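Remarks on the structure that follows.
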Amino acid sequence: MNSKNDNGQNTANFKKEGVESNPSGNTNVNVDFIDNSNENQSRFGVFLYHKDNSNNIS
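Residues in the sequence shown are numbered consecutively from 1, following the UniProt record's numbering.
Okay, structure coming up:
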């Protein structure tokens, strides 16, 4: 396992500043992903940030 990208404790996180939920707790986001890796070499997952890096919604 590559300790620099263990997909658990060392995730690459992006947090969009200014995103807010409505009073019901709903949030809409649009994200475009561009894979710049070699063919069949990438692994991908999306986790919605919730409070801290170890507490995400997948």
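Beta carbons are placed, not taken as given, at the ideal position from N, Cα and C, and that holds for glycine. Model, not experiment: these values are computed from the prediction.
Same chain only: Cβ atoms within 6 Å of residue i, ignoring 5 sequence neighbours per side
{"i": "I34", "result": "none"}
Nearest-angstrom Cα separation, counted from residue j out to residue i
{"i": "T27", "j": "N36", "result": "28 Å"}
{"i": "S24", "j": "E39", "result": "41 Å"}
{"i": "K16", "j": "D32", "result": "13 Å"}
{"i": "Q41", "j": "N22", "result": "38 Å"}
Other residues of its chain near residue i: CB distance less than 8 Å, five sequence neighbours each side excluded
{"i": "V19", "result": "T27 and V29"}
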